[in-house]
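Working notes for the structure below.
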RNA sequence: GGUCCCGUCGUCUAGCGGCCUAGGAUAUCGGGCUCUCAUCCCGGGGACACGGGUUCGAAUCCCGUCGGGACCGCCA
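Residue numbers (the working numbering): 223 to 653.
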């Protein structure tokens with residue numbers, strides 16, 4: 223039975239590196255029908271905060287990584303003490319300066335059998351004796367991590383490779399506790415664009431920042447899993463695909479650079495595939511956050527019309543934030559023209575806009591075909607080609623120089639609002 | 001400094017001794033479609049860090065060099 227864990231220390235927000243570690247553990251557990259444990263490593267009272275725990279939990283929830291068991295290490299002090307005392311009684315631990323020290327034999331070496339990087343040999347002289355219990359009575363990481371992994375029956379330890387050098391120490395503790403070793407997998411790091419440690423100056427590192435930028439959780443998951451894992455030539459994976467296909471054997475052992483470009487592309491792919499209702503629910507808070515569309519306006523809008531609009535607009539959006547911005551054109555708000563859009567329409571253009579407004583206003587909503595017929599007939603009558611009229615018409619109705627097909631977007635905005643905006647543009651009004 | 005890990009197009013990767021004049025994706029450039037942009041389709045340029053071995057044959061195995069990173073705490 224597979225039992226794995228993600229064990230963050232609550233000293234800050236969940237960054238994308240930690241998220242990927244959590245993801246690999248979760249995928250492996252779900253793929254194999256095993257158990258995924260979330261264990262908060264809050265033994266460092268000085269630096270651990272409840273706020274950080276809340277952030278980590280919120281991040282994992284948003285990513286859709288659900289856990290089967292939850293522990294807080296600080297609550298397991300009695301158990302840690304029991305284990306330490308048993309080692310003390312056995313003479314494997316001694317006390318010095320108020321701290322408890324774990325004895326490591328000076329001769330020989332300790333080999334870490336890592337499933338990813340292979341056998342790594344450490345000379346015991348490098349290990350030396352180390353503290354497992356501080357003089358203030360609290361326990362240190364290298365000790366509690368083993369006690370907890372043993373107690374929780376962890377079968378596969380999948381973690382960042384910054385822990386590889388700690389592993390021989392932990393192996394000595396497993397042995398002292400008389401417990402067989404789990405399988406170890408030390409994952410390579412995620413790097414910034416300069417191949418240095420990923421940090422703030424490389425851009426967003428917090429999972430929640432990606433949520434706020436309008437990235438879909440499935441897209442971030444897809445992106446993170448591809449940093450170190452591949453399945454042939456496939457690039458776009460749904461969550462279900464990943465659970466079905468994921469295998470630890472496919473994991474890479476070299477570090478990967480985190481680059482936004484492909485994440486954005488993947489996000490677009492996931493947005494294109496998303497259910498429209500799901501997409502609307504996700505984009506709603508971002509639209510409302512912009513504070514132009516009010517909650518009343520959102521709920522008053524016809525949901526089918528919004529869905530059609532979102533469908534048209536999403537092909538041009540890399541993120542939900544992009545989509546939220548352009549979706550404002552579907553609401554009864556003043557049209558906001560792009561900064562570099564053309565100046566006021568010419569006299570001939572005004573004439574055409576008015577004619578189009580007259581033709582479109584009485585139409586029934588929801589029929590792009592009907593609008594197309596009306597627009598084409600009007601333009602024929604005015605002696606204007608579609609090519610010439612489309613730009614000023616689109617600009618008048620959407621405020622943008624580019625966008626979805628003219629008839630589709632006119633239909634999605636709706637005849638009455640279209641007519642109003644065409645007339646406003648013809649009159650040179652701001653609204 | 002010591003110990004350890006890693007090294008294929010700018011980036012993510014496929015490759016696990018012959019299928020590789022190295023494949024895919026992204027980014028970039030060019031073309032097509034079109035009312036615009038995007039999507040989409042077609043095409044271009046772009047990599048096995050370097051040097052030695054082993055082998056009939058190496059991106060793949062071994063050694064060295066160089067480069068990058070991690071850890072060396074009574075932090076996790």
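From the three backbone atoms N, C-alpha and C, an ideal C-beta is built for every residue, glycine too. For clarity, every value in this text was computed on a predicted model and none was experimentally measured.
Rounded C-beta distance between residue i and residue j? I'm assuming under 8 Å.
{"i": "residue 344", "j": "residue 334", "result": "7 Å"}
{"i": "residue 259", "j": "residue 290", "result": "7 Å"}
{"i": "residue 593", "j": "residue 534", "result": "Rounded, the Cβ-Cβ distance is 13 Å, inconsistent with contact."}
{"i": "residue 546", "j": "residue 514", "result": "Not a contact, Cβ separation roughly 10 Å."}
{"i": "residue 468", "j": "residue 253", "result": "5 Å"}
{"i": "residue 278", "j": "residue 230", "result": "5 Å"}
{"i": "residue 395", "j": "residue 480", "result": "With a Cβ gap of about 34 Å, residue 395 and residue 480 do not count as contacting."}
{"i": "residue 225", "j": "residue 393", "result": "Incorrect: roughly 19 Å between the Cβ atoms, too far for contact."}
{"i": "residue 619", "j": "residue 640", "result": "5 Å"}
{"i": "residue 585", "j": "residue 596", "result": "6 Å"}
{"i": "residue 401", "j": "residue 372", "result": "5 Å"}
{"i": "residue 502", "j": "residue 532", "result": "6 Å"}
{"i": "residue 498", "j": "residue 250", "result": "No, residue 498 and residue 250 are not in contact; Cβ-Cβ is about 33 Å, not under 8 Å."}
{"i": "residue 355", "j": "residue 306", "result": "6 Å"}
{"i": "residue 413", "j": "residue 478", "result": "7 Å"}
{"i": "residue 621", "j": "residue 560", "result": "6 Å"}
{"i": "residue 429", "j": "residue 238", "result": "6 Å"}
Using DSSP bridges, identify the partner residues of residue i.
{"i": "residue 456", "result": "453"}
{"i": "residue 382", "result": "409"}
{"i": "residue 166", "result": "Because residue 166 is not part of the residues shown, which for the chain are 223 to 653, the question remains open."}
{"i": "residue 292", "result": "260"}
{"i": "residue 345", "result": "331"}
{"i": "residue 322", "result": "317 and 355"}
{"i": "residue 478", "result": "412"}
{"i": "residue 226", "result": "258"}
{"i": "residue 419", "result": "413"}
{"i": "residue 428", "result": "237"}
{"i": "residue 361", "result": "355"}
{"i": "residue 340", "result": "336"}
Can you have a look at residue i and say buried or exposed, based on whether 16 or more other CB atoms are within 10 angstroms of its CB?
{"i": "residue 490", "result": "buried"}
{"i": "residue 331", "result": "exposed"}
{"i": "residue 626", "result": "buried"}
{"i": "residue 311", "result": "exposed"}
{"i": "residue 643", "result": "buried"}
{"i": "residue 322", "result": "buried"}
{"i": "residue 320", "result": "exposed"}
{"i": "residue 281", "result": "buried"}
{"i": "residue 544", "result": "buried"}
{"i": "residue 427", "result": "buried"}
{"i": "residue 398", "result": "buried"}
{"i": "residue 357", "result": "exposed"}
{"i": "residue 598", "result": "exposed"}
{"i": "residue 243", "result": "buried"}
{"i": "residue 361", "result": "buried"}
{"i": "residue 454", "result": "exposed"}
{"i": "residue 548", "result": "buried"}
{"i": "residue 223", "result": "exposed"}
{"i": "residue 389", "result": "buried"}
{"i": "residue 391", "result": "buried"}
{"i": "residue 404", "result": "buried"}
By Cβ distance, which residues of its chain are closer than 7 Å to residue i, with the 5 residues on each side in sequence left out?
{"i": "residue 295", "result": "261, 262, 263, 264, 265, 366 and 370"}
{"i": "residue 652", "result": "Only weak support exists for where residue 652 lies, its pLDDT of 44 falling under 50; the value from the coordinates is given anyway. Within the same chain, residue 652 has close Cβ partners 556."}
{"i": "residue 248", "result": "258 and 287"}
{"i": "residue 567", "result": "575, 614, 647 and 648"}
{"i": "residue 474", "result": "410, 450 and 451"}
{"i": "residue 304", "result": "none"}
{"i": "residue 589", "result": "633"}
{"i": "residue 240", "result": "230"}
{"i": "residue 645", "result": "576 and 579"}
{"i": "residue 628", "result": "612, 615 and 616"}
Counting only the same chain and skipping the five closest in sequence on each side, list residues whose C-beta sits under 6 Å from that of residue i.
{"i": "residue 246", "result": "380"}
{"i": "residue 486", "result": "540"}
{"i": "residue 284", "result": "433 and 439"}
Can you give me the Cβ contacts of residue i inside the same chain, cut-off strictly under 8 Å, excluding the 5 residues immediately before and after it?
{"i": "residue 374", "result": "225, 227, 259, 261, 291 and 293"}
For this session: Count the CB pairs spanning the segment 430-444 and the segment 395-414 that are closer than 8 Å, and state whether there are at least three.
Result: no
Exercise. Does the count of Cβ pairs from the segment 544-558 and the segment 631-640 closer than 8 Å reach three?
Worked result: yes
For this session: Decide if the segment 496-513 is in contact with the segment 451-468; the criterion is three or more beta carbon pairs, one per stretch, under 8 Å apart.
Result: The answer is no - the segment 451-468 does not touch the segment 496-513, with fewer than three Cβ pairs under 8 Å.
Problem set entry | Stretch pair the segment 413-426 + the segment 346-364: three plus CB contacts closer than 8 Å | no
Exercise. Quick check: the segment 525-532 against the segment 566-584, are there 3 or more CB pairs under 8 Å?
Worked result: no
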